[in-house]
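In the numbering used here, each number is its position in the sequence shown, counted from 1, plus 1091. Even glycine gets a Cβ: it sits at the ideal position worked out from N, Cα and C.
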Amino acid sequence: MTTHSKVEIKPPITNVGVLGWVKRHLFNGVFNSIATILILLLALRVLPEFIQWAFIDSVWFTSGQECHEATGACWSVVTQNIRFNIFGYYPYEEQWRPLVAMLMLVAMLIYSRDWKRWTKKLGYSWLLALFIMGVLMKGGLFGLVSVESTKWSGLPLTLLLSFFGILASYPLGVVLALGRQSSLPVIKAFCVVYIELIRGVPLITMLFMSSVMFPLFLPEGITIDKVLRAQMAIIIFTAAYIAEVVRGGLQAISKGQYEAAESIGLTYWAKMRLIILPQALKIVIPPTVGVLISAFKDTSLVVIIALYDILNTTKSILNVPEWTGFSTEAYIFVAMIYYVCCFSMSQYSRSIEKELEYKAPTN
């Protein structure tokens, strides 16, 4: 009686691991290989000079005078002005408050990533966290000095406008999309006019209207906070774009789904909540996230109505003679902040898509 040992044959090393990934993604065809080689040659030409400028010859903790004498990048424009860059005109002694508020917001967002935690308890936690963040920013309670919203600036203002803009515009956009497909003529006409009118003008126009024109229509003696007006303009503008994206998802659902939901006696709202919207919103995750990322970046446009978000605080630093001429380094720092936020949103959307991805049953 003889036994035969099984010999495990491993795949070629060029098809697995790092070499396999490079072969599949960078050299999987003539044109792809040529493009890869050209990009590598460009990188070899540019990267050494950039590394020399950005790291080797750079200065990090010097005065503006020493920066002007340096041959490399002046990152001191960031490190020496970091508090003003981040917090702007918020009172210096109270800047720990927006710092704590931002850390709370980031912590809540990270904790809320897991859908299994989406319970009523989490909802109450968000309400409590938002209340605490509001108290920290505004003050006037628990012995905190009151700070006017006109002094809210820098990164806290950027996060405030973007977070609440995204949070409020998404459900409003869904409602507008449902209204545009409504069988009631008045509701449908209102939603169509709203969406087409708002999408037909740039956000800059909306911000100017909220800042300059809207106060003219208010009764004498009544004023609305400038930050709140800008926030409403961003919400109204973003909701119109979300509505069109969601409408595309609703149109992608087959009529059979509507008829099946009606055949089991579901009401309109139950049909939308349980059957139609979950499928439609799943389909439009990529374009929806694209709109939300654009909305986050568009908050930088509040510069034109004299709101000092992080882009405007950076511009203010560059207007100081000591730091004039170092806009490249300052704007690279701002760009990295925007990149981290936008990349995090993009990665989160990809993780949601993977979780919701349909997996065919195996036999």
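- Taking residue 1377 as the centre and dropping the five residues before and after it, the same chain places the C-beta of 1440 and 1444 closer than 8 Å to its C-beta, in chain order.
- Counting of Cβ neighbours within 10 angstroms places residue 1171 among the buried residues, the total reaching 16 or more.
- Taken in chain order, no unbroken stretch of beta strand (DSSP E) lies wholly in the segment 1101-1171 with a span of 3 residues or more.
- For residue 1359, the enclosing alpha helix (DSSP H) starts and ends at 1359-1362.
- One Cα belongs to residue 1264, the other to residue 1162, and the distance between them is close to 51 Å.
- In the structure shown, the three-state DSSP call for residue 1231 is coil.
- Judged by DSSP in its simplified three-state form, residue 1400 adopts strand.
- One thing to note: residue 1261 has its Cβ within 7 Å of the Cβ of residue 1333.
- The segment 1136-1146 makes no contact with the segment 1201-1210; the number of CB pairs closer than 8 Å stays below 3.
- In this structure, the CA atom of residue 1368 is about 28 Å from the CA atom of residue 1390.
- Within the same chain, 1236 and 1238 come within 7 Å of residue 1185 by CB-CB distance, once the 5 residues on both sides are set aside.
- Within a 10 Å sphere around the beta-carbon of residue 1174 sit fewer than 16 other beta-carbons, which makes this residue exposed.
- Remark: three or more beta-carbon pairs, one from each stretch, lie closer than 8 Å, so the segment 1320-1334 and the segment 1247-1257 are flagged as touching.
- Restricting attention to 1212, 1159, 1251 and 1395, the CA atom closest to the CA of residue 1294 is found in 1395.
- A straight line joining the alpha-carbon of residue 1297 with that of residue 1134 spans about 42 Å.
- The residues 1373 and 1376, in chain order, have a CB closer than 8 Å to that of residue 1447 in the same chain once the five nearest residues on each side in sequence are set aside.
- Residue 1417 is classed as buried because its beta carbon has at least 16 other beta carbons within 10 Å across all chains shown.
- Boundaries of the alpha helix (DSSP H) harbouring residue 1389: 1376-1389, taken from the DSSP string.
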